[in-house]
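Undergrad:
There are 2 protein chains.
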Amino acid sequence: MNAIKVGLIGLGTVGAGTFHVLQRNQAEIRGRAGRGIEIAMVAARNPERAKAFQAIVGDGVPCVGDPQQLVANPDIDIVVELIGGIEPARSLVLQAIANGKHVVTANKALLALHGTEIFEAAREKGVVVAFEAAVAGGIPIIKALREGLTANRIEWIAGIINGTTNFILSEMRGKGLDFATVLKEAQRLGYAESDPTFDIEGVDAAHKLTLMSAIAFGVPVQFDKAHVEGISSLQATDIKYAEQLGYRIKLLGITRRRPGGIELRVHPTLIPSSRLIANVEGAMNAVVVQADAVGTTLYYGKGAGAEPTASAVVADLVDVTRLATADPDHRVPHLAFQPDAISDTPILPMAEVHTAFYLRLVVADQPGVLSRITTILAEHDISIDAVLQRESAEGERQTDLIILTHDTVEGRMNEALAKMQGLPTVLAPIVRIRKEELA
Amino acid sequence: MNAIKVGLIGLGTVGAGTFHVLQRNQAEIRGRAGRGIEIAMVAARNPERAKAFQAIVGDGVPCVGDPQQLVANPDIDIVVELIGGIEPARSLVLQAIANGKHVVTANKALLALHGTEIFEAAREKGVVVAFEAAVAGGIPIIKALREGLTANRIEWIAGIINGTTNFILSEMRGKGLDFATVLKEAQRLGYAESDPTFDIEGVDAAHKLTLMSAIAFGVPVQFDKAHVEGISSLQATDIKYAEQLGYRIKLLGITRRRPGGIELRVHPTLIPSSRLIANVEGAMNAVVVQADAVGTTLYYGKGAGAEPTASAVVADLVDVTRLATADPDHRVPHLAFQPDAISDTPILPMAEVHTAFYLRLVVADQPGVLSRITTILAEHDISIDAVLQRESAEGERQTDLIILTHDTVEGRMNEALAKMQGLPTVLAPIVRIRKEELA
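Residue numbers (our numbering), protein chains in the order written: chain A, -8 to 430; chain B, -8 to 430.
#1: Going by C-alpha to C-alpha distance, which of A:T390, A:L350 and A:I367 sits closest to A:A377?
#2: Classify A:E138: buried if its beta carbon has 16 or more other beta carbons within 10 angstroms, exposed otherwise.
#3: If you count every other CB in all the chains shown that lies within 10 Å of the CB of A:K92, and 16 or more means buried, which is it?
#4: Over the uninterrupted alpha helix (DSSP H) stretch that includes A:L85, give me the two end residues.
#5: Could you run through the segment 140 to 151 of chain B and flag, in chain order, every residue whose CB is less than 9 angstroms away from some CB of chain A?
#6: Tell whether a beta-carbon distance below 9 angstroms holds between B:N98 and B:G75.
#7: Which stretch, first to last residue, makes up the alpha helix (DSSP H) that contains B:E436?
#8: Hey, would you say A:A135 sits closer than 9 angstroms to A:T288, going by beta carbons?
#9: So with CB distances below 9 angstroms, who are the chain B contacts of A:E438?
#10: For A:M(-8), count the other beta carbons within 10 Å of its own beta carbon; 16 or more makes it buried, fewer makes it exposed. Which is it?
#11: Taking the C-alpha atoms as reference points, what is the distance between A:V278 and A:R144?
#12: Does the beta carbon of B:N157 sit closer than 9 angstroms to a beta carbon anywhere in chain A?
#13: What in chain A is Cβ-close to B:D320, meaning under 7 angstroms?
#14: From which residue to which residue does the alpha helix (DSSP H) around B:H321 run?
#15: Between the segment 77 to 88 of chain A and the segment 99 to 108 of chain A, do three or more beta carbon pairs fall short of 8 angstroms?
#16: Does the segment 333 to 341 of chain B come into contact with the segment 31 to 48 of chain B, if we say contact requires no fewer than three beta-carbon pairs (one atom in each stretch) closer than 8 angstroms?
#17: So, helix, strand or coil for A:P431, using DSSP?
#18: If you draw a straight line from the C-alpha of A:F328 to the C-alpha of A:G3, how long is it?
#19: Give me whichever residues DSSP pairs with B:H11 in a beta bridge.
#20: Suppose you measure from the CA of B:H258 to the CA of B:T228; what does that come to, to the nearest Å?
#21: Jot down the residue ranges of each uninterrupted beta strand (DSSP E) in the segment 200 to 260 of chain A, minimum 3 residues, whole runs only, in chain order.
#22: Are the CB atoms of A:V52 and A:A34 within a distance shorter than 9 angstroms?
#23: Count the other C-beta atoms from every protein chain shown that fall within 10 angstroms of the C-beta of B:P58, then say buried if there are 16 or more, exposed otherwise.
#24: Under the rule that 16 or more other beta-carbon atoms within 10 Å means buried, what is A:T188, buried or exposed?
#25: By Cβ distance below 6 angstroms, which residues in the same chain neighbour B:R381 in space, the five residues on each side in sequence not counted?
#26: Sorted by chain position, which residues of the same chain lie with C-beta nearer than 6 angstroms to A:A124's C-beta, five sequence neighbours on each side aside?
#27: Cα-Cα, which of A:T141, A:H345, A:G1 and A:I28 is closest to A:R36?
#28: May I ask you to list the residues that DSSP assigns as paired with A:E292?
#29: Taking A:E162 and A:V173 to be in contact with their CB atoms under 8 angstroms, please state how far apart those CB atoms are, rounded to whole angstroms.
#30: Starting from A:D391 and walking both ways along the beta strand (DSSP E), at which residues does that stretch end?
#31: Starting from the C-beta of B:G6, find all residues in its chain whose C-beta is less than 7 angstroms away, skip the five residues before and the five after it, and write them out in chain order.
#32: Could you tell me the alpha carbon to alpha carbon distance between A:T155 and A:A274, rounded to whole angstroms?
#33: Can you pull the chain B neighbours of A:P263, defined as C-beta to C-beta under 9 angstroms?
#34: With distances taken Cα to Cα, identify the nearest neighbour of A:L434 among A:E427, A:V12 and A:G292.
#35: Could you compute how far the alpha carbon of B:V285 sits from the alpha carbon of A:I130?
#36: Taking a contact to mean a Cβ-Cβ separation below 9 angstroms, would you say A:A233 touches A:L255 in this structure?
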């Protein structure tokens, strides 16, 4: 059988990685797919990259500057979009679909924001849009959720799905350094971009979480409803106190089914140190899935980088090569559920989210302070799990009071926090970090 | 579209679990599969189970005593074999295939021993034999290896793939108890069978490893070539010393590609305590896969039990429902590689396997003992990584000498061990446990 013909848009890190993996492992890949997978055309904006690429592959594979030429090429069966960002990626993907081509993409931002439009267009044309590489790099988590766990009612997903922030948090904990210092180190080592906003503010994690949530619960992608909170204001002090209490702080993406709707949130989270996911260090990713039949499963690996991401892109190419011959109604649905089974379950506002909390209050070191604070919590029906008070030094007038609460509703906690913050004995803004047992 | 019709052979733990999961989650499953999955007939040897089942489902689903009747039923599209063991399972599966039915099975022993015959029969009839439930229960590891990592040249797999032994080892370490005591506790709690041989001697793990090895490396299933060693002779003392040196002992199934062939072995193994897999406790399973593009990935979850195993059985049912409409040449191949891409790379004999070693020698506490032992190791070109000597008590004439070696070839270690054992100052049989860094 003839090789399937692939057009590759983008020769950056992942584009080059995809090319190399396909070349290096072509015998293994053909042995699995039953058909060769051949890059038939490449589009790269950067003329130097294009030239370097052409020097490697010779004239056999045309490399064009204009990606329009690639998506219009009638010889191409599958378009691989690896340029990232919204435009021109969105237009190129939609044109490829309109031209009847399957699409493989690693573009989480595009799908989290415009997935509904793109999947609908693909359905109408009977083509596949595959996106394993968009979430957690080389970990086959989309496949696990969409195909491996089809028997289950999924209850929640919690993931370390951004390597940059996990690297920073690991270094802050391991070396006791503050955020700004570690960020600079991460930038020097290439773990963080020169403009790190998307990573450190949780946006990248929220894009990925939005996709997992849609697949897990059979709802449309709704990035605009996600709560997004990063790690830039996290203090080394709280990492240390959390550790004393038996917890680690991780930036988690959490999505959970509740009676009234779905929670969809990215924020720093205390998790018990004994959990496997609490021990995921450095730039690694891991996703925990809780489901009714299988119980807890965890998936771990590299969430970024040229070849780990290429691993997912190529796995999608093999899948699409197989699916191309299947009856479209029996392919794996883009969002795991058939279009007529997608539900309109709402995404819950943060005020209705259930979590436990870690609170750090800088308080006057005088009698009655703890009692006033615990009274406020009791009035809001928030029960206390543990209290830790720093031993104040001789002559010191203030101290740190750490409180771990049991699960409560966030809106109620916000009210209690406002009251506590108003106490004259509370001397600084209260630090509040959500806490999950993940059990 | 009409529901696909399933015949279920076996109403034991997994059979009942499969029935319950299909019932409870039928809306979700249909939403994903695009088609209902309906149990149309059940076969159960045990008349009481059959009666209890009939009482639940009423007369709508016939329950027969003779499974032949089920595999011969022309209305059945997929036969689910959940009776385990070799016969009559083998004959029933082959008959189902001969009758043009797809098969889903959790039977690792059957496939590890007779997989070649069964997959060949399935290929000839153009049907699928799916077996996600045969390895690591609900963890979708077969899917990850066969479909998620298709881009990769897989280098090695190391897995905790038997929950009974991992429970026993966790308890031995956690409570400092010996093997026999913990085995009794495990039997009382239902984690170990009354005849626990298959689990504790590593046979069950070797069945599963054989399947993963075939899929990873594109070779036939060859259970007869596997090295199988269990945990029944493991001593609490060695778990303790390993811990002092920064290691945990796990029963691992390891398969690794080497220049001259493939290693295929199950044995107790020291692994660094900092590895994620070293922290997998209790009856949980985990599999680490090392592959060239993606790097290290890990998959964790429940490896046994009614619903975790049913989760995998039902995922296979959904897959088969989809694949049923695909061109047979483009389905996922049973052993990941197309039949013409299966290689005859040999399985290496244990004498040619590379590992590091933990040695515990009971030696006379006198000068020159360590020197004689290290000389023997040096003569065999085995280099030492660490030495730990127990402080001997006042007046005690003997002590424990623990040696960790670097990687060597097992045959060479066997020769060195024979020489060491012959020394008059070595007072007891030397304990030897293999050690892997898994990095």
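Every residue gets a Cβ at the ideal spot worked out from N, C-alpha and C, and that includes glycine.
TA: Inspection of the coordinates gives the following:
#1: Looking up residue 377 of chain A in the first sequence gives position 386. For the residues A:T390, A:L350 and A:I367, the minimum Cα distance to A:A377 belongs to A:L350.
#2: Position 147 of the first sequence, counted from the first residue, corresponds to residue 138 of chain A. When all chains shown are included, A:E138 counts as buried.
#3: In the first sequence, residue 92 of chain A corresponds to position 101, counting from 1. So A:K92 counts as buried.
#4: As a first step, residue 85 of chain A is located in the first sequence; it is residue number 94 there, counting from the start. It spans A80 to A89 - the alpha helix (DSSP H) in which A:L85 sits, taken as one unbroken run.
#5: L140, T141, A142, N143, R144 and I145
#6: Along the second sequence, one-based indexing puts residue 98 of chain B at 107. Along the second sequence, one-based indexing puts residue 75 of chain B at 84. Taking 9 angstroms as the Cβ cut-off, B:N98 and B:G75 qualify as a contacting pair.
#7: No statement about residue 436 of chain B is possible, as the shown extent of chain B runs from -8 to 430 and does not include it.
#8: Along the first sequence, one-based indexing puts residue 135 of chain A at 144. Along the first sequence, one-based indexing puts residue 288 of chain A at 297. Yes, Cβ-Cβ distance for A:A135 and A:T288 is below 9 angstroms.
#9: As shown, chain A starts at -8 and ends at 430. That puts residue 438 of chain A outside it, with no answer to give.
#10: One-based indexing of the first sequence puts residue -8 of chain A at position 1. Under this definition A:M(-8) is an exposed residue.
#11: Working through the first sequence from its first residue, we reach residue 278 of chain A at position 287. Working through the first sequence from its first residue, we reach residue 144 of chain A at position 153. In a straight line, the C-alpha of A:V278 is about 17 angstroms away from that of A:R144.
#12: Within the second sequence, the letter at position 166 stands for residue 157 of chain B. No, because no Cβ of chain A sits closer than 9 angstroms to the Cβ of B:N157.
#13: Within the second sequence, numbered from 1, the residue matching residue 320 of chain B stands at position 329. Residues of chain A passing the Cβ test: G25.
#14: For this step, residue 321 of chain B is matched to residue 330 along the second sequence. It is not in any alpha helix (DSSP H) - B:H321 carries neither H nor E in the DSSP assignment.
#15: yes
#16: no
#17: Residue 431 of chain A is absent from the structure shown; chain A starts at -8 and stops at 430.
#18: Taking the first residue of the first sequence as 1, we reach residue 328 of chain A at position 337. Taking the first residue of the first sequence as 1, we reach residue 3 of chain A at position 12. Taking the straight line from one Cα to the other gives about 33 angstroms.
#19: Position 20 of the second sequence, counted from the start, is the residue given in the question as residue 11 of chain B. The partner list for B:H11 (beta bridge, DSSP) is empty, contrary to what the question assumes.
#20: Reading the second sequence from its first residue, position 267 is the one you call residue 258 of chain B. Reading the second sequence from its first residue, position 237 is the one you call residue 228 of chain B. Looking at the two C-alpha atoms, the distance is approximately 17 angstroms.
#21: 238 to 249
#22: In the first sequence, counting from the first residue as 1, residue 34 of chain A sits at position 43. In the first sequence, counting from the first residue as 1, residue 52 of chain A sits at position 61. It is not a contact, given that the beta carbons lie outside the stated cut-off.
#23: Within the second sequence, residue 58 of chain B is the residue found at index 67, counting from 1. B:P58 should be labelled buried.
#24: Counting from 1 along the first sequence, the entry for residue 188 of chain A is found at position 197. Exposed, because fewer than 16 other Cβ atoms sit within 10 Å of the Cβ of A:T188.
#25: Within the second sequence, the letter at position 390 stands for residue 381 of chain B. The residues are T390 and D391.
#26: Translated into the one-based positions of the first sequence, residue 124 of chain A becomes position 133. If we look at A:A124 and ignore the five residues flanking it on each side, its Cβ neighbours are A97, T300, A303 and V304.
#27: Translated into positions along the first sequence, residue 36 of chain A becomes position 45. Looking at the Cα atoms, A:G1 is the closest of the given residues.
#28: Within the first sequence, residue 292 of chain A is the residue found at index 301, counting from 1. Reading off the sequence, residue 292 of chain A comes out as Gly, not Glu. A:N276, per the DSSP bridge assignment.
#29: Counting from 1 along the first sequence, the entry for residue 162 of chain A is found at position 171. Counting from 1 along the first sequence, the entry for residue 173 of chain A is found at position 182. At roughly 4 angstroms, the Cβ-Cβ gap stays under 8 angstroms, so A:E162 and A:V173 are in contact.
#30: Here residue 391 of chain A refers to the residue found at position 400 when the first sequence is read from its first residue. Start and end: Q389 to T396.
#31: For the purposes of this step, residue 6 of chain B is taken as residue 15 along the second sequence, with counting starting at 1. The answer, listed in chain order, is L(-1) and L73.
#32: Numbered from its first residue, the first sequence carries residue 155 of chain A at position 164. Numbered from its first residue, the first sequence carries residue 274 of chain A at position 283. Their backbone Cα atoms lie some 6 angstroms apart in a straight line.
#33: Numbered from its first residue, the first sequence carries residue 263 of chain A at position 272. Correct list: empty, because the minimum Cβ distance to chain B is about 13 angstroms.
#34: The requested residue 434 of chain A is not part of the displayed model; chain A covers only -8 to 430.
#35: Taking the first residue of the second sequence as 1, we reach residue 285 of chain B at position 294. Taking the first residue of the first sequence as 1, we reach residue 130 of chain A at position 139. For B:V285 and A:I130, the distance between alpha carbons rounds to 8 angstroms.
#36: Sequence index remark: in the first sequence, residue 233 of chain A carries index 242 (1-based). Sequence index remark: in the first sequence, residue 255 of chain A carries index 264 (1-based). Cβ distance not < 9 angstroms, so A:A233 and A:L255 don't count as in contact.
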